[in-house]
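Presented below is the structure to which this report refers.
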Amino acid sequence: MTDTERPITHPDYDVVVVGSGFAGIYALWTARQRGLSVRGFERGADVGGTWYWNAYPGARCDVESYNYAYFFNSDIVRDWSWSDACAGQKEIQRYLRFVAERCDVVKDITFNTKVLSARYDEATGLWALRTSADDTVTCRYPVLAIGALSDPKAPDIEGVADFKGEAYFTSSWPKDRVVDLRGKRVGVIGTGSSGVQVIPEIAKVASEVHVFQRTANYVTPTNGGPMDAALVAALRDDPQAVRRAFRETYGGHTPLRMGDERFVELDAAGRERVLREAWAGNYTALAFRDAYLPEANAAISDFIRQRMHEQVNDPWTADHLVPWDHPYGGKRPCQSDVYLQTFNLPHVRLVSLPETPIEKILPDGIKTSTETIPLDVIVYATGFDAISGPVFAIDIQGMGGRKMKDAWADGPLNYLGTMVHGFPNLFLPSSAMSPSVLSNMATLAEQQVDFIFDTIEWLDQHGRPQLHPRADSQEFWRKETLRYAERRPGALTTKSWYSGANIPGKARVFMVYCGGFKRYNETCYRELQNDFPGYELLNAPGRGEAA
Ligand code: N01
-2 MTDTERPITH PDYDVVVVGS GFAGIYALWT ARQRGLSVRG FERGADVGGT WYWNAYPGAR
58 CDVESYNYAY FFNSDIVRDW SWSDACAGQK EIQRYLRFVA ERCDVVKDIT FNTKVLSARY
118 DEATGLWALR TSADDTVTCR YPVLAIGALS DPKAPDIEGV ADFKGEAYFT SSWPKDRVVD
178 LRGKRVGVIG TGSSGVQVIP EIAKVASEVH VFQRTANYVT PTNGGPMDAA LVAALRDDPQ
238 AVRRAFRETY GGHTPLRMGD ERFVELDAAG RERVLREAWA GNYTALAFRD AYLPEANAAI
298 SDFIRQRMHE QVNDPWTADH LVPWDHPYGG KRPCQSDVYL QTFNLPHVRL VSLPETPIEK
358 ILPDGIKTST ETIPLDVIVY ATGFDAISGP VFAIDIQGMG GRKMKDAWAD GPLNYLGTMV
418 HGFPNLFLPS SAMSPSVLSN MATLAEQQVD FIFDTIEWLD QHGRPQLHPR ADSQEFWRKE
478 TLRYAERRPG ALTTKSWYSG ANIPGKARVF MVYCGGFKRY NETCYRELQN DFPGYELLNA
538 PGRGEAA
């Protein structure tokens, strides 16, 4: 009998954690702390998840690092110093390695190994995970900490494979060598957060930069710069109080700076004054107390367009770099202090794809509807099959042999952003219908992992080895997610990866819960405090003991 045919009555581990980004590292540590046996798998050669792969020049977090960090361990908070308020990719990856070593979980992770499938065994209530090393491990609780932006979108352009020059993806930039773009003619496709960061860096060394833009994005200044010593001291003074306080906020971070005045109570001159003050203080998105109102959002959007426009010398380029088609926040906005000015350099040029679309990629360049542009290098900053993509990348099979791909054929459906009906004991942190990318992902990682392991502890204490959400709970959560999305300007009217619109044929569902972190956390813990009324509890016959 082969390994995969073996009946799974004795799990190899209590928990298997897939992925070693923020959620994965903390899940491994938490499992050990709770006395559970655990094994981790990571497809990269080191920890870091998204911060391991996206190693392109200029990659940087635009959430301040003193927020975008762990708070579960006070010593870690006190022993790590950030060099900049918005740290770069290398530093964040170093930080995650530092935490993984401190938590002594590196030894638990098998690197360079993908999990290909996860199969639920109805007879025992256990899961079997098959890996790219042709290994199968069994467990009671798979925790797929696979991230929301980890499945790169394949470029849907004719001729990609024909290009004979160098080609790079921002989402898998080479880490084993320095990519030398000096003196080269470079084409960059994509102007989302990754494109906006990589383009100025490429422009520093390349001889020509051709930026192929399909949709313009809002670009506002960054919050980078030296760390505020008083703020750092306050965070280090009582990290556990900070951790609790983050969970009481909308976004899961230190309270954001916000204007004191209300849009509806100001005249035109007052609104302009408030917007200018907010721009100077770098909080334009929240210039007004009631910035969430569509009319306030429209004024904010218009003001940012004007500020963007005046940074670019050439009027045609300025007109095209400004986003006219969606309100601020409809797509994920970008931050940069140098992106727009980069287009004032003589060797940098914008190619507007709505007017002159790419027809095909040639062996030595890109052909648009009006010209052929010779290139030595193409950089694809074309984004991700977000949120549900990483879940579909694993062949997941639950109760009755039902595949996750079928369960989510019309878009992701789950309860509280972590569990799916018909897939007992399978946990999906940072997946769909959680605050995910519209919150501080580090705070979310800690919150979801805590909730998952509190759930596991409850199951063990109550002798109920399995649970999964009821179908009507999922329907309730779908409606809740939609209800809050309707209140967010542009959420349901803008074509964005938030709703799967960047992937041809993907079901259009707004995949982020916008009810805020505090409400989300309270809803999760209400379930636990009331013995999981939104879930179905199952018994697993014949379950053996974990190793
Ligand atoms: O990806 P994107 P990203 N032809 O999907 C274009 C996080 N992040 O990697 O908008 C031509 O935003 C596409 O055009 P359009 C952050 O959450 C954070 O930049 O679909 N163009 C778009 O311009 C972010 O939102 C940080 O019309 C094509 C671009 O490629 C998320 O990751 C840094 C195309 C893709 O933009 C994803 O950002 C980086 C085609 N066939 C990333 N296909 C920070 O914290 C796609 N595009 C700072």
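With our numbering as the guide, the letters of the sequence shown map in order to residues -2 to 544. Here a beta-carbon is modelled for each residue, glycine too, at the ideal position from N, C-alpha and C.
- Message: Let me check understanding here. Comparing Cα to Cα, which of Val185, Ile199 and Ser190 lies closest to Arg57?
- Response: Nearest of Val185, Ile199 and Ser190 to Arg57, Cα basis: Ser190.
- Beta carbon of Ala429 nearer than 8 Å to that of Gly419: Cβ distance not < 8 Å, so Ala429 and Gly419 don't count as in contact.
- Message: Does chain B have any CB closer than 8 Å to the CB of Leu342?
- Response: The structure shown contains no chain B; it holds only a single protein chain.
- Message: Short of 6 Å in beta carbon distance, which residues of its chain neighbour Pro530, apart from the five on each side in sequence? Order them along the chain.
- Response: Spatial neighbours of Pro530 in its own chain (CB-CB distance under 6 Å, excluding positions within 5 residues in sequence) are not present.
- Query: Rounded to a whole number of angstroms, what is the C-alpha to C-alpha distance between Leu337 and Pro171?
  - Reply: A direct Cα-Cα distance of roughly 26 Å separates Leu337 from Pro171.
- Taking Val388 as the reference, which of Arg36, Leu372, Lys364 and Leu423 has the closest Cα? Selected option, being the one with the closest Cα: Leu423.
- Minimum C-alpha distance to His323 - residue among Thr491, Phe473 and Glu274: It is Thr491 whose Cα lies nearest to the Cα of His323.
- Pick from Trp494, Arg329 and Phe69: whose alpha carbon is nearest that of Phe243? The option with the nearest alpha carbon to Phe243 is Phe69.
- Query: Do Arg40 and Ile73 come within 8 Å of each other at the CB atom, strictly closer than that value?
  - Reply: No, Cβ-Cβ distance for Ile73 and Arg40 is not below 8 Å.
- Message: So Tyr63 and Trp79 are supposed to be a Cβ contact under 8 Å. How far apart are they, rounded?
- Response: Taking C-beta atoms under 8 Å as the contact rule, Tyr63 and Trp79 qualify, at a distance of about 6 Å.
- Query: Taking Cβ positions, are Phe166 and Tyr23 nearer each other than 8 Å?
  - Reply: No; because the gap between Cβ atoms is not below 8 Å, this pair is not in contact.
- Item | Backbone secondary structure at Phe381 - three-state DSSP | Strand, per DSSP.
- Item | Distance between Pro432 and His250 (C-alpha atoms, nearest Å) | The alpha-carbon atoms of His250 and Pro432 are separated by roughly 13 Å.
- Can you find a heavy atom of the ligand N01 that lies under 7 Å from the Cβ of Ala378? Because some heavy atom of the ligand N01 lies under 7 Å away, the Cβ of Ala378 counts as near it: yes.
- Residue of Glu454, Phe160, Pro223 and Thr478 minimising C-alpha distance to Tyr412: Cα-wise, what sits closest to Tyr412 is Thr478.
- Task: Excluding the 5 residues preceding and the 5 following Gly156 in the sequence, name in chain order all residues of the same chain whose CB lies nearer than 6 Å to its CB.
- Result: Contacts found: Lys357 and Ile358.
- Message: Would you say the beta carbon of Asp159 is closer than 7 Å to some non-hydrogen atom of the ligand N01?
- Response: No - the ligand N01 has no heavy atom lying nearer than 7 Å to the Cβ of Asp159.
- Message: Tell me the DSSP secondary structure of Ala125 in three-state form.
- Response: Looking at Ala125 - three-state DSSP - the assignment turns out to be strand.
- Buried/exposed call for Gln526, threshold 16 Cβ in 10 Å: So Gln526 ends up on the exposed side.
- Ile500 CB to nearest heavy atom of the ligand N01 below 7 Å: It does not: the Cβ of Ile500 is nowhere closer than 7 Å to a heavy atom of the ligand N01.
- Task: With hydrogens ignored, establish whether the beta-carbon of Pro223 is closer than 7 Å to any heavy atom of the ligand N01.
- Result: Pro223: no, Cβ never under 7 Å from the ligand N01.
- Message: DSSP three-state label for Cys521, please.
- Response: Note: Cys521 maps to helix in three-state DSSP.
- Task: My understanding is that Val216 touches Val345, with C-beta atoms under 8 Å, so please give their C-beta distance in whole angstroms.
- Result: Not really, about 15 Å apart at Cβ, beyond 8 Å.
- Task: Inspect the CB distances between the stretch 432 to 449 and the stretch 259 to 276 and report whether three or more fall short of 8 Å.
- Result: Verdict: no, contact absent.
- Starting from the N-terminal side, write out each stretch of the beta strand (DSSP E) that is 3 residues or longer and does not extend beyond the stretch 340 to 393. 345 to 349, 355 to 359, 362 to 365, 369 to 371 and 374 to 377, all fully within the stretch 340 to 393.
- Item | Cβ-based burial, Ser366 [other Cβ within 10 Å; buried from 16] | Burial call: exposed.
- Query: So, is Val175 buried or exposed, given that buried needs 16 or more other C-beta atoms within 10 angstroms?
  - Reply: The residue is exposed, with fewer than 16 neighbouring Cβ atoms inside 10 Å.
- Item | Neighbour-count burial assignment, Asp382, 16 or more Cβ in a 10 Å radius | The Cβ neighbour count for Asp382, taken over all protein chains shown within 10 Å, is at least 16; the residue is labelled buried.
- Is any heavy atom of the ligand N01 found at a distance shorter than 7 Å from the C-beta of Cys511? Because no heavy atom of the ligand N01 lies under 7 Å away, the Cβ of Cys511 does not count as near it: no.
- Message: Less than 7 Å separating the Cβ of Leu337 from some heavy atom of the ligand N01?
- Response: Result no, Cβ not under 7 Å from the ligand N01.
- Message: I'd like the list of long-range same chain contacts for Ala28, defined as Cβ closer than 6 Å, with 5 residues on each side in sequence excluded.
- Response: Closer than 6 Å at the Cβ level, and outside the excluded window around Ala28, lie Val12 and Val35.
- Can the beta-carbon of Pro486 be found less than 8 Å from the beta-carbon of Gly327? Yes, Cβ-Cβ distance for Pro486 and Gly327 is below 8 Å.
- Task: For Met416, write down the residues that DSSP places opposite it in a beta bridge.
- Result: DSSP, once it has assigned bridges, lists Tyr412 as partnering Met416.
- Item | Contact under 8 Å by Cβ, Leu283 with Met255 | In this structure, Leu283 sits near Met255, with a CB-CB distance shorter than 8 Å.
- Message: Mapping the DSSP letters down to three states, classify Ser168 as helix, strand or coil.
- Response: Helix.
- Query: Considering only the beta carbon of each residue, do Val15 and Ala142 sit closer than 8 Å?
  - Reply: Yes, the Cβ-Cβ distance between Val15 and Ala142 is below 8 Å.
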